[in-house]
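Visitor:
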Ligand SMILES: N[C@@H](CCC(=O)N[C@@H](CS)C(=O)NCC(=O)O)C(=O)O
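In the numbering used here, the protein residues as written are 1 to 210.
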């Protein structure tokens with residue numbers, strides 16, 4: 001089988017989720033870095049792969065895909081390696097439920113409204129809009145609390161690692177580097193324990209953005 005190609009920057013949480021899945025399945029791939037800082041994801045070359053101007057996009061033997069949840073499911077089903085989706089309908093539904101919560105309710109407040117402003121402030125030395133960050137905390141907290149309540153055990157959606165864990169890891173890794181993340185994680189003990197286990201996996205080290 002030809003090596004798949006992943007289009008996107010390593011710093012992106014969605015790109016990292018795909019890299020985590022590829023690493024857990026031990027699938028070799030090529031990555032084409034897209035410089036989102038320079039706006040390359042809005043250029044025609046990338047828009048031909050991802051019409052919404054987002055990252056990642058994915059290519060396998062001429063088959064093109066975008067939308068991370070479609071890409072990760074395809075990789076799990078098309079390649080050898082440990083299965084990252086449960087065999088039963090309820091187990092798979094729980095995995096999809098977690099991914100949907102992450103996409104719909106966690107990503108925006110955590111990454112867009114807390115992590116990006118904090119990291120940008122650290123990079124530029126300019127003060128972030130503290131009021132805007134504070135305004136994002138209730139939504140971030142609600143998403144974490146919902147996942148804490150749904151946590152099945154050991155891994156997010158059950159006894160085995162699944163796509164749900166790999167969709168959430170990149171967001172947590174960044175969030176925990178902010179004061180808001182550090183504080184909110186102390187109120188979700190199951191997710192905290194989950195993170196201690198997850199953070200030791202070799203796939204996290206090998207995909208860590210520099
Ligand atoms: N629905 C898309 C969302 C991907 C997404 O939001 N990616 C972010 C990076 S983590 C992005 O492209 N941001 C750049 C922008 O919105 O201009 C997916 O699931 O792949």
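C-beta: ideal position from N, C-alpha, C; glycine also.
Nearer than 7 Å: is that true of the beta carbon of residue 100 relative to any heavy atom of ligand 1?
Guide: Checking the Cβ of residue 100 against ligand 1 gives no.
Visitor: I'd like to confirm something about residue 211: is its beta-carbon nearer than 7 Å to some heavy atom of ligand 1, or not?
Guide: Outside the shown range of the chain, which is 1 to 210, sits residue 211, and nothing can be said about it.
Visitor: In terms of residue numbering, what span does the beta strand (DSSP E) encompassing residue 7 cover?
Guide: Start and end: 5-7.
Visitor: Determine the DSSP secondary structure at residue 198, reduced to helix, strand or coil.
Guide: Residue 198: helix per DSSP, three-state reduction.
Visitor: Please give me, in chain order, every unbroken run of the alpha helix (DSSP H) with length at least 4 that falls completely inside the segment 33-119.
Guide: Whole alpha helix (DSSP H) segments, 4+ residues: 44-47, 68-78 and 89-101.
Visitor: Is the beta carbon of residue 172 within less than 7 Å of some heavy atom of ligand 1?
Guide: Every heavy atom of ligand 1 is 7 Å or more from the Cβ of residue 172, so no.
Visitor: Let me make sure I understand the geometry here. Which of 55, 187 and 77 has the alpha-carbon closest to that of residue 147?
Guide: Nearest option by C-alpha distance: 187.
Visitor: Looking only at its chain, what residues have a beta carbon closer than 6 Å to the beta carbon of residue 165, apart from the 5 residues adjacent to it on each side?
Guide: If we look at residue 165 and ignore the five residues flanking it on each side, its Cβ neighbours are 155 and 156.
Visitor: With 16 other CB atoms within 10 Å as the buried threshold, where does residue 175 fall?
Guide: Residue 175 is buried by the Cβ-count criterion.
Visitor: How far does the alpha helix (DSSP H) with residue 19 in it extend, from its first residue to its last?
Guide: It spans 13-25 - the alpha helix (DSSP H) in which residue 19 sits, taken as one unbroken run.
Visitor: Can you confirm whether the segment 51-62 touches the segment 1-21 when touching is taken to mean that 3 or more C-beta pairs between the two stretches lie within less than 8 Å?
Guide: Yes, since at least three Cβ pairs between the segment 1-21 and the segment 51-62 fall closer than 8 Å, the two stretches touch.
Visitor: Any heavy atom of ligand 1 closer than 7 Å to the CB of residue 60?
Guide: It does not: the Cβ of residue 60 is nowhere closer than 7 Å to a heavy atom of ligand 1.
Visitor: Using a Cβ-Cβ cut-off of 7 Å (strictly less than) and excluding sequence neighbours within five positions of residue 213, which residues of its own chain qualify?
Guide: Coverage of the chain is limited to positions 1 through 210, which leaves residue 213 absent and any answer about it impossible.
Visitor: Can you name the residues that DSSP bridges to residue 155?
Guide: Residue 155 pairs with 153 and 158.
Visitor: Give a single yes or no on whether residue 104 has its beta carbon closer than 7 Å to a heavy atom of ligand 1.
Guide: For ligand 1, not one heavy atom lies less than 7 Å from the Cβ of residue 104.
Visitor: Applying the 10 Å Cβ sphere with the 16-neighbour rule, what's the burial state of residue 87?
Guide: Under this definition residue 87 is an exposed residue.
Visitor: Under the rule that 16 or more other beta-carbon atoms within 10 Å means buried, what is residue 37, buried or exposed?
Guide: When all chains shown are included, residue 37 counts as exposed.
Visitor: Taking the Cβ atom as the reference point for each residue, do residue 142 and residue 107 lie within a distance shorter than 8 Å?
Guide: Taking 8 Å as the Cβ cut-off, residue 142 and residue 107 do not qualify as a contacting pair.
Visitor: Kindly indicate the opening and closing residues of the alpha helix (DSSP H) around residue 164.
Guide: Here the alpha helix (DSSP H) through residue 164 covers 163-175.
Visitor: Whose C-beta lies closer than 7 Å to the C-beta of residue 28 among residues of the same chain, with five residues either side of it excluded?
Guide: Cβ within range, chain order: 3.
Visitor: Candidates 169, 184, 22 and 167: which alpha carbon is nearest residue 138's?
Guide: For the residues 169, 184, 22 and 167, the minimum Cα distance to residue 138 belongs to 184.
Visitor: Measure the C-alpha to C-alpha separation of residue 134 and residue 70 and round it to an integer number of angstroms.
Guide: Those two C-alpha atoms are separated by around 33 Å.
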